[in-house]
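Here is the structure we will look at, set down as structure tokens.
Residue numbers (the working numbering): 1 to 124.
So, in structure tokens, the structure goes:
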């Protein structure tokens with residue numbers, strides 16, 4: 001049985017799903033990225049099951065090669081964008097920790113006003 005047309009279609013669908021993920025990442029739509037990633041992972045799993053019983057011909061490998069390259073390029077760009085986002089979040093968490101530390105430190109003073117004391121005796 002020739003699975004080549006079905007296999008090619010599945011890889012095309014996987015490429016489209018990776019494009020959706022990349023678009024979501026570029027737009028900073030992180031919740032949508034996670035949702036689209038679930039679709040992508042399911043598609044990869046289904047494709048893996050389909051491929052388990054198929055031996056690809058050289059011609060089919062050559063036809064799939066550009067699609068696979070595009071999928072890998074999209075994944076690489078998504079990972080790069082995610083790393084940037086993770087760095088941004090880490091910076092925000094760090095700033096929040098510093099703010100919390102400052103608030104905690106000044107909160108312990110209990111409303112006391114700190115002012116320099118005059119070291120000279122004013123009673124002459």
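Where is the CB? At the ideal position from N, CA and C, for every residue including glycine.
Cβ-based neighbour list, residue i, same chain, cut-off 8 Å, excluding 5 preceding and 5 following
| i | result |
| --- | --- |
| residue 24 | 30, 32, 33 and 36 |
| residue 28 | 85 |
| residue 60 | 4, 7 and 8 |
Same chain, Cβ closer than 7 Å to residue i, five either side skipped, listed in chain order
| i | result |
| --- | --- |
| residue 15 | 67, 70 and 71 |
Contact belief for residue i with residue j at Cβ below 8 Å, rounded distance in angstroms
| i | j | result |
| --- | --- | --- |
| residue 10 | residue 64 | The Cβ separation is near 10 Å, so there is no contact. |
| residue 18 | residue 75 | 6 Å |
| residue 78 | residue 22 | 6 Å |
| residue 13 | residue 43 | 6 Å |
| residue 82 | residue 26 | That pair is no contact at about 11 Å. |
| residue 3 | residue 58 | Rounded, the Cβ-Cβ distance is 16 Å, inconsistent with contact. |
Reduced DSSP category for residue i - H, G, I as helix; E, B as strand; rest coil
| i | result |
| --- | --- |
| residue 71 | helix |
| residue 54 | coil |
| residue 3 | coil |
| residue 28 | coil |
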